Structures are given as structure tokens and as C-alpha cells.
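First to last, the protein sequences are chains S and Y.
Residue numbering for the first sequence follows the numbering used here, beginning at 6 and increasing consecutively.
Residue numbering for the second sequence follows the numbering used here, beginning at 462 and increasing consecutively.
Working notes for the structure below.
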Amino acid sequence: MKTSFLDFEQPIADLEAKIEELRFVQDDSAVDISEEISRLEKKSAQLAKDIYAKLTPWQISQLARHPQRPYTLDYTGRIFTDFEELHGDRAFADDRAIVGGLARFNGQPVMVIGHQKGRDTKEKIYRNFGMPRPEGYRKALRLMKLAEKFGLPVMTFVDTPGAYPGIDAEERGQSEAIGRNLYVMAELKVPIIVTIIGEGGSGGALAIAVGDIVQMLQYSTYSVISPEGCASILWKSAEKAPEAAETMGITAPRLKTLGLIDKIVSEPLGGAHRDHAAMAQNLRKALQDALKHVSGLSTSELLAARYERLMSYGRFKEQPVK
Amino acid sequence: MSWLTKLLPPKIKREQGAQRRSSLPEGLWSKCPSCEAVLYATDLEKNLQVCPKCGHHHRLRARQRLDMLLDPEGRFEIGAEVLPVDSLKFKDSKRYPDRLMEANAATDESDSLVVMQGAIKTMPVVAAAFEFEFMGGSMGSVLGERFVRGVQTAVDNGQPFISIAASGGARMQEGLFSLMQMAKTTAALTKLSEAGLPYISLLTDPTMGGVSASFAFVGDVVIAEPGALIGFAGPRVIEQTVRETLPAGFQRSEFLLEKGAIDLIVDRRELRDKVAQLLALLQKLPAAA
Numbered sequence: 006m007k008t009s010f011l012d013f014e015q016p017i018a019d020l021e022a023k024i025e026e027l028r029f030v031q032d033d034s035a036v037d038i039s040e041e042i043s044r045l046e047k048k049s050a051q052l053a054k055d056i057y058a059k060l061t062p063w064q065i066s067q068l069a070r071h072p073q074r075p076y077t078l079d080y081t082g083r084i085f086t087d088f089e090e091l092h093g094d095r096a097f098a099d100d101r102a103i104v105g106g107l108a109r110f111n112g113q114p115v116m117v118i119g120h121q122k123g124r125d126t127k128e129k130i131y132r133n134f135g136m137p138r139p140e141g142y143r144k145a146l147r148l149m150k151l152a153e154k155f156g157l158p159v160m161t162f163v164d165t166p167g168a169y170p171g172i173d174a175e176e177r178g179q180s181e182a183i184g185r186n187l188y189v190m191a192e193l194k195v196p197i198i199v200t201i202i203g204e205g206g207s208g209g210a211l212a213i214a215v216g217d218i219v220q221m222l223q224y225s226t227y228s229v230i231s232p233e234g235c236a237s238i239l240w241k242s243a244e245k246a247p248e249a250a251e252t253m254g255i256t257a258p259r260l261k262t263l264g265l266i267d268k269i270v271s272e273p274l275g276g277a278h279r280d281h282a283a284m285a286q287n288l289r290k291a292l293q294d295a296l297k298h299v300s301g302l303s304t305s306e307l308l309a310a311r312y313e314r315l316m317s318y319g320r321f322k323e324q325p326v327k
Numbered sequence: 462m463s464w465l466t467k468l469l470p471p472k473i474k475r476e477q478g479a480q481r482r483s484s485l486p487e488g489l490w491s492k493c494p495s496c497e498a499v500l501y502a503t504d505l506e507k508n509l510q511v512c513p514k515c516g517h518h519h520r521l522r523a524r525q526r527l528d529m530l531l532d533p534e535g536r537f538e539i540g541a542e543v544l545p546v547d548s549l550k551f552k553d554s555k556r557y558p559d560r561l562m563e564a565n566a567a568t569d570e571s572d573s574l575v576v577m578q579g580a581i582k583t584m585p586v587v588a589a590a591f592e593f594e595f596m597g598g599s600m601g602s603v604l605g606e607r608f609v610r611g612v613q614t615a616v617d618n619g620q621p622f623i624s625i626a627a628s629g630g631a632r633m634q635e636g637l638f639s640l641m642q643m644a645k646t647t648a649a650l651t652k653l654s655e656a657g658l659p660y661i662s663l664l665t666d667p668t669m670g671g672v673s674a675s676f677a678f679v680g681d682v683v684i685a686e687p688g689a690l691i692g693f694a695g696p697r698v699i700e701q702t703v704r705e706t707l708p709a710g711f712q713r714s715e716f717l718l719e720k721g722a723i724d725l726i727v728d729r730r731e732l733r734d735k736v737a738q739l740l741a742l743l744q745k746l747p748a749a750a
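Here it is as C-alpha cells:
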């Protein structure tokens with residue numbers, strides 16, 4: 006697959022195009038230019054390193070939405086074995102914006118649940134751009150209860166612009182579906198390991214993101230509202246999205262500093278989309294550590310720690326009332 | 462114009478505008494935003510801010526709400542010592558601390574939730590009421606902490622918990638902290654449930670976004686006031702997404718009742734009696750006098 010470059014990657018794109026050209030020339034040339042090619046390749050890697058060393062939150066949010074970024078089903082094949090997708094909420098429909106099912110992680114049975122986006126237009130529509138309706142959250146809930154019944158750890162993968170804002174979604178109780186998940190996840194008697202793999206968009210993300218360990222991929226984002234949404238409400242202009250992204254604090258390092266997530270999972274140079282295999286490798290390692298961490302706890306210890314974590318969210322001061 | 466008023470459809474904007482006028486102390490007369498009847502302020506007050514002509518439920522302040530619901534004696538406030546901070550140094554067209562100060566000056570409240578321990582017809586309860594006039598009743602860290610302290614007090618004392626929502630959703634100025642309040646408030650309610658104590662959730666105009674999609678709908682009984690706007694996504698956002706006109710009455714209490722999303726709609730004038738009755742039934746207590 007040809008890498009598609011983002012605006013801020015233009016210098017890398019130009020260089021890569023030049024390398025490609027040279028390779029083409031070399032094929033039917035007597036002169037050996039392989040040295041020149043390898044020099045340029047090194048230069049391109051260095052350029053990527055430089056650009057990626059100082060990404061702005063807005064640039065990161067574009068990376069988080071990169072069309073070639075690995076989605077949940079790209080990881081299930083690489084990290085898990087025996088993945089068996091289970092469908093439907095048993096009440097209304099099967100929501101394709103959330104996938105889930107049984108799988109093995111290093112041989113151990115687990116429940117996998119994640120948002121699913123589509124790559125081309127047809128698939129995007131099929132997956133509703135990764136925006137679940139209530140039946141998606143209810144399917145996730147059903148699978149979590151199933152995991153609880155059989156004592157399987159739950160691993161969730163978060164990647165959504167948000168819950169679907171549609172008439173049908175409202176009619177079927179979008180609010181209730183999300184709220185119910187928050188409630189049940191707070192007391193689910195099996196470990197829940199959450200990874201934000203792309204966009205952690207508001208309540209629609211949180212509805213499968215309450216857990217014992219919450220980790221984020223290096224260039225993923227997690228926010229209460231999209232930068233565009235925030236900008237159009239508070240600045241009255243969606244063009245202020247870069248400012249909103251900056252001030253809201255949506256990137257993994259910032260959220261780690263604020264104590265809202267536990268761990269950042271490194272991405273390959275140039276982002277997860279450049280090398281799905283390497284990304285999956287890093288993520289597998291992180292999941293393994295996370296699982297090891299929670300596996301040592303008894304159910305009551307696990308639930309007490311989860312509750313304590315949930316109660317610790319928030320920043321305020323206390324002053325005696327006058 | 463606040464971000465919330467911008468979010469609401471024109472009809473509600475009109476209502477809001479009209480209401481603001483009607484709450485002016487010197488305004489002896491006001492016009493009902495729904496039926497346009499000219500109303501005498503004292504009559505409206507006696508009628509719990511419900512239009513005597515058409516039954517339109519005007520918005521209420523948090524303390525008015527608690528005054529109507531709770532017995533006058535034996536109340537005390539929970540969590541008033543918890544106060545907001547600007548942990549992100551958030552600044553849009555205004556600094557967050559300035560917005561907080563303005564809201565404080567306009568409402569005399571320090572944040573958007575007032576929690577009280579008290580009683581309804583001598584039945585002890587803890588009740589949490591949203592102050593919509595304080596930054597659109599938005600949910601931030603202070604709201605979450607006060608809510609949780611209220612629930613904890615209810616659990617510690619073996620009392621039911623009642624929440625009265627009126628909110629535009631999460632408070633963007635607190636970034637992800639505000640989103641996490643959805644999980645925090647909802648999680649606290651699991652303890653109430655473990656203790657076998659009832660949770661009654663009252664949804665009033667408006668209950669939207671992160672508030673709607675967290676504790677509001679997990680009540681043992683979910684009640685709405687007539688005509689309240691209740692939903693996850695704002696009507697304008699939905700209209701922009703689906704590019705069609707929304708059906709009449711969409712996201713109103715009556716629509717939610719029809720769709721099976723809430724248990725019942727209760728007229729404000731009967732609310733105290735109904736809540737007392739429900740609490741007595743759930744707790745197997747004798748019928749209230």
C-alpha cells in the first residue's frame with residue numbers, strides 16, 4: 006500500500022518521491038546509484054525523526070485519524086489467535102461500528118471489543134465511520150457480561166470520532182446505552198484493559214474505556230469533544246481547532262502528565278500506519294505487561310483499585326464554607 | 462451568547478430569553494414563552510413556575526428546586542467546600558477563571574451542582590440539583606466530586622439518592638477531566654445499589670450530552686418533567702449530521718416516554734408527592750400521609 010502523507014509530512018513525501026524515481030532509473034541504468042539512494046533514505050528517516058519530534062497536538066490528532074492507521078480488526082489478526090467475532094445485541098441489530106469476540110492472547114482466552122472504522126468509502130459507510138449506535142454499546146455490554154460469566158479478561162480498543170448523533174440513535178436510547186456501560190464496567194468482575202488506538206472521541210469512546218489499565222498509543226488522542234467541535238462552540242470557528250487541540254490537552258504525553266492514563270505505547274517512526282506489524286508488536290508487549298499486572302489481583306482487590314481510580318478523577322480545591 | 466445557547470435550537474433560545482426576562486425581580490408581569498399568556502409573577506411562583514394557562518414548565522434554579530422537593534427543616538448542604546480550579550490554564554475567547562467568576566456573580570453559586578441531605582415528607586434523602594444558570598449546568602470536576610460525596614452520604618446513612626439534572630453536558634474547559642466525571646458519578650451509584658438503596662433520577666429541561674449519557678439514565682426510576690429536552694447529541698448537531706428536519710417533539714419528554722426511554726412524566730406540582738410515594742414503595746415503607 007502506498008503511504009499517504011499528511012500536510013506536515015510534505016518534505017518527507019517529496020524526498021520519498023525522489024527516492025522512488027531514482028530506484029526506477031537505476032533499474033535500467035549502467036551507473037550504480039545505490040549509494041545515493043541509501044544516502045537519501047537515511048536523510049528521509051532523519052527528516053521524519055525531526056518532524057515527529059515536535060508534532061503539535063493538532064498534527065497528532067490528524068495522525069490519530071490517518072486513513073491507513075491500524076484499526077481494531079488489523080490488530081486482532083496480529084496480536085490474537087482464534088479470534089471468533091460474535092455479533093449483535095440480541096435486541097435490535099448488529100452494529101458494525103463496534104466489533105467484538107472471543108480470542109486467545111498468548112494462548113489465554115480473552116474477550117476483545119473495539120470500535121471499527123472503514124478504510125475506503127464503501128467500508129467507511131459500512132462501519133458508519135466508527136460511530137456506534139446504541140445497539141453497538143449494547144453488544145459490547147453483552148460481550149462484557151459474557152466475559153464476566155466465564156472469567157475472561159476484557160481488552161478494549163478505542164477508536165471513534167464519537168457516538169453516532171442520529172435520529173435513530175436517539176430514538177433507541179444512545180444516552181442510556183452509554184450510561185449503562187459506564188455503570189456495568191465500574192463493577193465488572195474481570196480485568197478490563199483499555200487501549201486508545203486512534204481517536205478517543207468523548208462519551209462514545211468512554212463507553213468502552215472504563216478499566217483497570219488505560220493506555221494510549223503514542224499518536225492517539227482522547228478528548229471530551231473533538232478539537233473542531235470545541236473550536237466551533239468556544240471560538241465560534243472550526244478553524245481554531247489547532248488552538249482547541251492545544252489547550253484541551255488531548256495527547257498521550259499530556260494526559261499521562263495529568264494522571265489520566267497509565268501508559269504510552271510507542272509507535273514506529275512516522276506513526277502506526279507506516280508499519281502495522283511493528284505497531285502490533287509494541288502493542289502486544291504492552292498488553293502482556295498490563296495483563297500480568299492485573300492478573301495478580303483478586304477480584305475484590307481489582308474492583309477496589311478500579312473504584313479508587315474512578316473516584317480519583319478530577320481536579321478541585323477545598324475551602325471551608327464561609 | 463454562551464456556547465450552550467448557541468447549541469440550542471431557535472425555539473429554546475426564545476424560551477430562554479423570555480425566561481431570563483421573567484426572572485428579573487422588578488418584572489411583575491411576564492409572558493409565557495410557550496402560550497404567550499401574560500402572567501402575574503406571584504401567580505407563577507405560587508404555581509411552582511408552571512404556566513397556569515398551558516402547563517409550560519419554566520426552568521428552575523437549583524435551590525428553588527430543592528426548596529420545592531425537600532421538607533423545610535433538617536437540611537444541610539454537602540460538598541459546598543469543593544471548589545473549581547483551572548488545571549489546564551484553559552483559555553478560549555475568555556479565560557476559564559473569568560468564566561467561573563462571571564457565573565459566580567450571576568448565580569451566587571460556586572459551581573453547577575447543589576447537594577443537600579434532607580427529607581421528603583420526613584423520609585430522609587440526599588438530593589443533588591443542577592444549577593443550569595452556572596455555565597449551562599456543565600459537568601466538571603467539582604460537580605463530579607459533590608455528586609459522589611452526596612451518594613456516599615446516602616450510602617453511609619442508608620438513605621435514597623435523588624438527582625435532578627439540567628445540563629448542556631460536559632465542561633469543555635476542563636478537558637478530559639470533565640469526560641471522566643461521567644465515569645466517576647456513574648460508578649459511585651454502584652455503591653448505592655449494593656446497599657439496596659433507591660436512586661431516582663429526575664430529568665428536567667435540558668438534560669444533554671455527558672450528563673444524559675452517564676448517571677441520568679441509570680436511575681432505578683427515571684422521571685422527566687413535561688416538555689423537557691433530553692438527549693445525547695444536540696438537535697443542531699443531529700440536523701447537520703443527518704441533513705433532514707427533525708420530527709416534531711423530537712427529544713422531548715413525551716417522545717422519550719413513547720420510545721420507552723423513561724419511566725414516567727410527572728407534572729412539577731405533583732412531583733413531591735410522587736417521589737415520596739415511589740420512595741415509600743421501593744423501601745417497603747407505609748404509605749406517606
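Backbone N, C-alpha and C define an ideal beta-carbon position, used for all residues, glycine too.
Keep in mind the model is a prediction, meaning the values are calculated, not measured.
Residue i vs residue j beta-carbon contact at 8 Å
i	j	result
Ile17(S)	Ala53(S)	yes
Leu544(Y)	Lys322(S)	yes
Met577(Y)	Arg536(Y)	yes
Ala214(S)	Val199(S)	yes
Met160(S)	Leu292(S)	yes
Leu740(Y)	Pro659(Y)	yes
Gly629(Y)	Pro667(Y)	yes
Ala589(Y)	Ser624(Y)	yes
Thr651(Y)	Ala309(S)	no
heavy atom of the ligand NAD below 7 Å from residue i C-beta
i	result
Ser495(Y)	This structure lacks the ligand NAD, and indeed carries no ligand of any kind.
From the options, residue whose alpha carbon lies closest to that of residue i
i	options	result
Gly540(Y)	Gly688(Y), Arg610(Y) and Phe622(Y)	Arg610(Y)
Ala106(S)	Pro232(S), Ile24(S), Pro258(S) and Pro158(S)	Looking at the sequence itself, residue 106(S) is Gly, so the reference to Ala does not match. Of the candidates Pro232(S), Ile24(S), Pro258(S) and Pro158(S), the one whose C-alpha sits nearest the C-alpha of Gly106(S) is Pro158(S).
Asp87(S)	Ala102(S), Asn111(S) and Val104(S)	Asn111(S)
Leu222(S)	Tyr80(S), Glu40(S), Ala168(S) and Arg320(S)	Tyr80(S)
Ser662(Y)	Leu725(Y), Ser491(Y) and Gly688(Y)	Leu725(Y)
Leu489(Y)	Ser495(Y), Glu497(Y) and Thr503(Y)	Thr503(Y)
Leu260(S)	Gly636(Y), Gly619(Y) and Leu527(Y)	Gly636(Y)
Thr126(S)	Lys48(S), Pro72(S) and Arg311(S)	Pro72(S)
Thr165(S)	Arg138(S), Ala152(S) and Leu148(S)	Arg138(S)
Thr61(S)	Gly208(S), Gly254(S) and His298(S)	Gly254(S)
Lys7(S)	Val117(S), Arg74(S) and Val326(S)	Arg74(S)
Glu538(Y)	Tyr501(Y), Met584(Y), Thr614(Y) and Leu561(Y)	Thr614(Y)
Met216(S)	Trp240(S), Met149(S) and Glu90(S)	The sequence given here places Gly at residue 216(S); Met does not occur at that position. Out of Trp240(S), Met149(S) and Glu90(S), Met149(S) has the C-alpha closest to the C-alpha of Gly216(S).
Glu304(S)	Ser207(S), Gly156(S), Phe134(S) and Ser237(S)	One detail in the question is off: residue 304(S) reads as Thr in this sequence, not Glu. Selected option, being the one with the closest Cα: Gly156(S).
Leu45(S)	Val36(S), Ile24(S) and Ala35(S)	Ile24(S)
Ala257(S)	Phe162(S), Lys129(S) and Ile65(S)	Ile65(S)
Glu21(S)	Val36(S), His92(S) and Glu41(S)	Glu41(S)
Beta-bridge partners of residue i, as assigned by DSSP
i	result
Phe622(Y)	Val587(Y) and Tyr660(Y)
Ala108(S)	Val115(S)
Pro545(Y)	Phe321(S)
Gly579(Y)	Val586(Y)
Ile726(Y)	Ala685(Y)
Gly692(Y)	Met669(Y)
Glu90(S)	Gly106(S)
Opening and closing residue of the beta strand (DSSP E) in which residue i lies
i	result
His120(S)	Gln113 to His120
Val219(S)	Ile218 to Leu222
Val189(S)	No beta strand (DSSP E) contains Val189(S), which is instead part of the alpha helix (DSSP H) from Gln179 to Glu192.
Tyr501(Y)	Val499 to Tyr501
Tyr227(S)	Thr226 to Ser228
Ala751(Y)	As displayed, chain Y neither begins before 462 nor continues past 750, which places residue 751(Y) out of reach and without an answer.
Lys492(Y)	Trp490 to Lys492
Alpha helix (DSSP H) segment containing residue i, residue limits
i	result
Trp63(S)	Pro62 to Ala69
Ile255(S)	That residue, Ile255(S), is in no alpha helix (DSSP H); it is neither H nor E in DSSP.
Lys23(S)	Gln15 to Asp32
Met284(S)	His281 to Ser300
Gly205(S)	First-last for Gly205(S): Ile197 to Gly206, but that is the beta strand (DSSP E), not the alpha helix (DSSP H).
Met529(Y)	Ala523 to Leu530
Phe716(Y)	Ser714 to Lys720
Ile84(S)	Thr77 to Ile84
Chain A within 8 Å of residue i, Cβ atoms only
i	result
Leu315(S)	Although the question refers to chain A, the structure presented lacks it and instead comprises the protein chains S and Y.
Check your understanding: When you check each C-beta in the stretch 601–630 of chain Y against every C-beta of chain S, which residues fall closer than 7 Å?
Key -> Ser602, Val603, Gly605, Glu606 and Val609
Review point. Along the stretch 533–567 of chain Y, what residues have a CB closer than 7 Å to any CB found in chain S?
Key: Going along the stretch 533–567 of chain Y in chain order, one finds Ala541, Glu542, Val543, Leu544, Pro545, Val546, Ser548, Leu549, Phe551, Lys552, Asp553 and Ser554 with a Cβ nearer than 7 Å to chain S.
Review point. The stretch 718–736 of chain Y: which residues have C-beta closer than 7 Å to a C-beta of chain S, in chain order?
Key: Lys720 and Ala722
Practice item. Please name the residues in the stretch 683–703 of chain Y whose beta-carbon is closer than 7 Å to at least one beta-carbon of chain S, in chain order. Key: Gly692, Phe693, Ala694, Val698, Ile699, Thr702 and Val703
Practice item. Below 7 Å between beta carbons is the criterion; list the residues of the stretch 179–190 of chain S that meet it against any residue of chain Y, in chain order. Key: Gln179, Ser180, Glu181, Ile183, Gly184, Arg185, Leu187 and Tyr188
Exercise for review: Can you give me, in chain order, the residues of the stretch 640–667 of chain Y that have a beta carbon less than 7 Å from any beta carbon in chain S?
Suggested key: Leu640, Met641, Gln642, Met643, Ala644, Lys645, Thr647, Ala648, Leu650 and Thr651
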